[in-house]
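Enquirer: Have a look at this one before I ask anything.
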Amino acid sequence: MENDSSLNCPGCGAPLLANVTSHAVVTTDGERVPFRRHTDHVMCSCMASYRVSDLRQVIAQVEARMRS
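Under my numbering, think of the first position of the sequence shown as 45, with each following residue one higher.
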């Protein structure tokens, strides 16, 4: 399932991802990067690192609040 939620870095506020799907992350420049493990990470330009599985949960929570 795909969504249209973008995500900013909680540490510095910079754009982090354009989208997170069940099989990939979509970078802010539109590149689709597949991931295969629950331990895969995304790194921000401020050097903060986030697990992809955690980011998917954050986006799901944001979308749920938007639907309410």
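All C-beta atoms in this analysis are idealised placements derived from N, C-alpha and C, irrespective of residue type, glycine included.
Can you give me the C-alpha to C-alpha distance between F79 and S112, rounded to a whole angstrom?
Expert: As a first step, residue 79 is located in the sequence shown; it is residue number 35 there, counting from the start. As a first step, residue 112 is located in the sequence shown; it is residue number 68 there, counting from the start. Using only the alpha carbons, I get a separation of about 30 Å.
Enquirer: So what does DSSP say about M91, is it helix, strand or coil?
Expert: The residue labelled residue 91 in the question sits at position 47 within the sequence shown. M91: coil per DSSP, three-state reduction.
Enquirer: Evaluate V69 with the Cβ neighbour count: other Cβ atoms within 10 Å of its Cβ, from every protein chain shown; 16 or more gives buried, anything less gives exposed.
Expert: Along the sequence shown, read from residue 1 onward, the residue named residue 69 stands at position 25. Under this definition V69 is a buried residue.
Enquirer: Among the residues of its own chain, which have a CB less than 8 Å from the CB of G74, if the five just before and after it don't count?
Expert: Looking up residue 74 in the sequence shown gives position 30. If we look at G74 and ignore the five residues flanking it on each side, its Cβ neighbours are A62.
Enquirer: Whole angstroms are fine: how far does the CA of V86 sit from the CA of V96?
Expert: Position 52 of the sequence shown, counted from the start, is the residue given in the question as residue 96. Position 42 of the sequence shown, counted from the start, is the residue given in the question as residue 86. Going from the Cα of V96 to the Cα of V86 covers about 6 Å.
Enquirer: What would DSSP say about A108, mapped onto helix, strand or coil?
Expert: As a working note, residue 108 is residue 64 in the sequence shown. Correct three-state label for A108: helix.
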